[in-house]
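Structure first, commentary second.
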Amino acid sequence: MLIVLGIDPGSVICGYGVIEKKKNSLHVIEYGVIKAKKAHNELPNRLKEIYQRLLKVIERTKPEVAAFESTFYSKNVQSLLKLAHARASAMLAVAMNDTKISEYSPREIKKSVTGKGSASKEQVQFMVKTLLNIKETPEFYDVTDALAVAICHCLKSELPTKQSASWEEFIKKNPERIASV
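Each residue of the sequence shown is one higher than the one before, counting from 172 in the working numbering.
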């Protein structure tokens with residue numbers, strides 16, 4: 172059994188989703204959004220809200236790992252900075268509980284959930300609902316994005332690790348498999 176917290180950080184709305192992987196099945200434990208802007212207008216207060224609320228989610232659900240979407244380049248530097256701050260608040264909440272952190276690119280997440288790295292938000296949402304048997308459509312894409320990151324981690328954790336980086340390394344590790352001529 173593996174419990175994974177997926178986080179889609181944002182300085183206004185932070186989505187989160189906790190899923191459990193048992194053998195070959197995935198189940199939702201909890202999901203939601205932290206509407207930081209409604210609680211406090213100033214960025215430091217919003218970051219504090221994200222941190223405190225995620226701490227409570229972590230205490231309730233006790234995830235073994237938290238999965239994040241890796242940061243992508245943005246043309247708007249101010250937006251990127253605010254996102255980085257929100258992401259840091261979320262990561263700090265996770266780190267304070269000694270929970271492992273994994274990161275995945277947006278393309279990697281979309282591909283693992285939909286089979287297509289350039290999938291739309293609607294396609295990701297549809298597949299997340301299907302894979303997790305969620306009946307109602309969450310109000311915000313932030314929720315299904317967070318759940319998609321958690322699903323991606325569960326699927327990626329099943330893959331075998333890379334065995335050898337080069338032929339030279341393979342030969343050193345497996346001398347009995349080399350035939351002499």
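C-beta atoms are modelled at their ideal positions from N, C-alpha and C, and glycine is treated no differently.
(message) Could you check whether Ala-264 and Leu-353 sit closer than 7 Å to each other, using their CB atoms as the reference points?
(response) Outside the shown range of the chain, which is 172 to 352, sits residue 353, and nothing can be said about it.
(message) So, with DSSP's three-state summary, where would you put Val-204?
(response) Val-204 carries a strand assignment under DSSP once its states are collapsed to helix, strand and coil.
(request) Would you decide whether Ala-266 is buried or exposed? Buried here means 16 or more other CB atoms lie within 10 Å of its CB. (result) With fewer than 16 other Cβ atoms inside 10 Å of its own Cβ, Ala-266 counts as exposed.
(request) Mind checking who Phe-239 pairs with in its DSSP beta bridge? (result) Within the DSSP secondary-structure output, Phe-239 pairs in a beta bridge with Ile-178 and Glu-274.
(request) Let me know the alpha helix (DSSP H) ranges lying completely inside the stretch 301-331, each 4 residues or longer, listed in chain order. (result) Runs of alpha helix (DSSP H) with 4 or more residues, each lying fully within the stretch 301-331, are found at 312-327, listed in chain order.
(request) List the endpoints of the continuous alpha helix (DSSP H) containing Lys-193. (result) For Lys-193, there is no enclosing alpha helix (DSSP H); the enclosing beta strand (DSSP E) covers residues 184-193.
(request) Leaving aside the five residues before and after Lys-271 along the sequence, list all residues of the same chain whose C-beta is less than 8 Å from its C-beta, in chain order. (result) Correct list, in chain order: Glu-235, Val-236 and Ala-237.
(message) What does the alpha-carbon distance come out to for the pair Ile-174 and Thr-232?
(response) Roughly 8 Å separates the two Cα atoms.
(message) Counting C-beta neighbours from all protein chains within 10 Å, is the total for Ile-349 16 or more, i.e. buried, or is it exposed?
(response) So Ile-349 ends up on the exposed side.
(request) Output the distance between the C-alpha atoms of Ser-335 and Val-299, rounded to the nearest integer angstrom. (result) Legend: pLDDT at Ser-335 = 48, less than 50; position of this residue unreliable, value from coordinates given subsequently. Each residue's alpha carbon lies about 34 Å from the other.
(request) Kindly indicate which three-state DSSP category Leu-250 falls into: helix, strand or coil? (result) Note that residue 250 corresponds to Ser in the displayed sequence, not to Leu. Ser-250: helix per DSSP, three-state reduction.
(message) Taking its Cβ as the centre, do 16 or more other Cβ atoms sit within 10 Å of Pro-346, making it buried, or is it exposed?
(response) Answer is exposed; the Cβ neighbour count stays below 16.
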